[in-house]
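2 protein chains.
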Amino acid sequence: MTSLAPAFSGDIADCPSPDLSFLLDHTSHVLRTRMAAALAEVGMTARMHCVLVKALEEERTQIQIAEIGDMDKTTMVVTVDALEQAGLAERRPSATDRRARIIAVTDAGAEMAKRSQAVVDRVHAEALGSLPEELRPVLLEALTLLARGHLAEPVESPAGARRARQV
Amino acid sequence: MTSLAPAFSGDIADCPSPDLSFLLDHTSHVLRTRMAAALAEVGMTARMHCVLVKALEEERTQIQIAEIGDMDKTTMVVTVDALEQAGLAERRPSATDRRARIIAVTDAGAEMAKRSQAVVDRVHAEALGSLPEELRPVLLEALTLLARGHLAEPVESPAGARRARQV
DNA sequence: TATTGTTATACTCTATAACTATA
DNA sequence: TATAGTTATAGAGTATAACAATA
C-alpha cells in the first residue's frame, strides 16, 4: 500500500464526491501499478518501453529521447543500460556529432516494442472498457484539455527544489 | 522539471490523442505541484491539511487518521510533529487507551484548516473552471467510477516491494 | 565556451525493524 | 500475544556536480 495518494479524501466508498486531487492521484497511481505489473511480465518497465518506442520512430540521441520522455539525462543512462543489457538496444556513435550516441533498437528490441505496446494498449483498453461507452471519449477529451491547458506546466515546487550538493 | 511522468507520449502538443497513462500522470503531477505551491503559501502541506481535517471531524488517533489518509504510521509521526511545531495540533492521551494519542486541533489549527480548505477548493475550482462547463461533471463521474471500480486497488508491484532491512 | 554522455554521490521520501508502553 | 506510537535507518528513486570528449 504505497501511499502515493497522501491526502484529501481517503475513503472513496463513503465519499459522495471525492475531490479532483484524490481522483487523479488515485487513478494515476493504480493505473501505474497495473502498467508496471503488466510490463514486468515481459521484462519491461514503462521507461524502457518509452525509450524503445521513441528510438524506433527515428534516429534519436539519448538527450533527444530524454527530452521527449521528460527524463533527466542521468536517468536516461540507467534506462539505456538496462535496454543494452537486455539486448534490446545499442548505443551507436552519431555520424554527425561524435559526442552523441544514437539509440539503435535491435531486432529483438523491435519485437519487444511490439509486445510491450500491445501490453500498454491492453491495460488502457481494460481501464477505459470498464467505463460506460459514452464516458470514454469525454474523459479523454477533458484530460487532454487539462493537460494542454491549465495543467500543462508544473509550477515551481516551494521547498522541493533539490539543494546543491555539499562539497 | 521533476519527471513524475516518466513514459509514453511526452510531447502533448503534437500528439493527436495522448494515452490514458500520460494524461493521468501528467495532470495529477501538475495539479499536485499547484496544490503544494498554493498550500505552501499558508505554510501547509497536503498531508498536514489532510490530518488537520480528519482530526477536526471527530476524535481520532494517529493510527486512525493514518489509515484514512493511506499513510504509514511512521509518516504520520513526522506529519504530526510538523503540526505540533506549527502550533496547529497537539497529541493528547486517549481516555480509553493509554497507548493511543488523540490528535487535538488547536484554535489556530482550526483556523488554519479553514484557510487551507479554501486553498484546496480554489485550486480545484481553477482547474475544473478551465474546462467547458458540460465536461466538468462527466470528468468527475468518470474518474469516480474508475477509482471505485477498475482502478480501486493497486496491484502488487513486481520488484517494488521493499526488502527487509539488513541486520 | 557550451554540450553529450558518464560516473559518483547527495538528497528526499517512505517503509522496515526494533523498541517501549500498554492492551 | 498483539497493538499504538516512537526512533533509527535502509532502500529506491532521482537529480546535482564534476568530468572527459567533442562541438
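Line by line, the protein sequences are chains A and B.
Under UniProt numbering, think of the first position of the first sequence as 1, with each following residue one higher.
Under UniProt numbering, think of the first position of the second sequence as 1, with each following residue one higher.
Even for Gly, the Cβ is constructed at its ideal location relative to N, Cα and C.
Computed from a predicted model, the values in this text were never measured in an experiment.
Contacting residues, own chain, Cβ-Cβ under 8 Å from residue i (five flanking each side not counted)
| i | result |
| --- | --- |
| E72/A | According to the sequence displayed, residue 72/A carries Asp and not Glu. Excluding sequence neighbours, D72/A sits near A66. |
| A36/B | T45 and A46 |
| A161/B | The pLDDT assigned to A161/B is 40, lower than 50, so where the model puts this residue is not dependable, and the model offers no usable value. |
Burial state of residue i (16 or more Cβ within 10 Å)
| i | result |
| --- | --- |
| D70/A | buried |
| G149/A | exposed |
| V155/A | exposed |
| D25/A | buried |
| R60/B | buried |
| V78/A | exposed |
| P137/B | exposed |
| V105/B | buried |
| T144/A | buried |
| V42/A | exposed |
| T96/B | exposed |
Cβ pair residue i, residue j closer than 8 Å
| i | j | result |
| --- | --- | --- |
| I103/B | A147/B | no |
| H49/B | S116/B | yes |
| M112/A | L52/A | yes |
| S21/B | L31/A | yes |
| L88/A | A118/A | no |
| L135/A | E58/B | no |
| A62/B | R101/B | This sequence places Gln at residue 62/B; Ala is not what is there. Taking 8 Å as the Cβ cut-off, Q62/B and R101/B qualify as a contacting pair. |
| L139/B | L139/A | yes |
Cβ neighbours of residue i in the same chain (closer than 7 Å, five flanking residues each side left out)
| i | result |
| --- | --- |
| Q166/B | Confidence at Q166/B is low in this model, with a pLDDT of 41, below 50, so the placement of that residue should be treated as unreliable; the coordinate-derived value is given next. Contacts found: none. |
| L151/A | none |
| R34/B | V123 |
| I68/A | K54 |
| G10/A | Because G10/A carries a pLDDT of 47, less than 50, the predicted location of this residue cannot be relied on, and the following value inherits that uncertainty. Taken in chain order, the list of residues that qualify is empty. |
| E90/B | E84, A104 and T106 |
| A110/B | L56 |
Close Cβ partners of residue i (< 6 Å) along its chain, the five nearest in sequence each way excluded
| i | result |
| --- | --- |
| S3/A | With a pLDDT of 41 at S3/A, under the threshold of 50, the modelled position of that residue is not reliable, and the figure given next carries that caveat. None. |
| R92/A | I102 and A104 |
Between the stretch 77-89 of chain A and the stretch 123-132 of chain A, do at least 3 Cβ pairs fall closer than 8 Å? no
In chain order, what residues of the stretch 19-35 of chain A put their CB closer than 8 Å to some CB of chain B? D19, L20, S21, F22, L23, L24, D25, H26, T27, S28, H29, V30, L31, R32, T33, R34 and M35
Check each residue of the stretch 96-112 of chain B: if its Cβ is closer than 7 Å to any Cβ of chain A, include it; give the result in chain order. none
Taking any Cβ of chain A, which residues in the stretch 144-156 of chain B have a Cβ under 8 Å from it, in chain order? T144, L145, L146, A147, R148, G149, H150, L151, A152, E153, P154, V155 and E156
Residues from the stretch 119-145 of chain A in contact with chain B, defined by Cβ distance under 9 Å: V120, D121, V123, H124, E126, A127, L128, G129, S130, L131, P132, E134, L135, R136, V138, L139, L140, E141, A142, L143, T144 and L145
Select from the stretch 35-63 of chain B all residues with a C-beta closer than 7 Å to any C-beta belonging to chain A, and list them in chain order. M35, A36, A37, A40, A46, R47, H49 and C50
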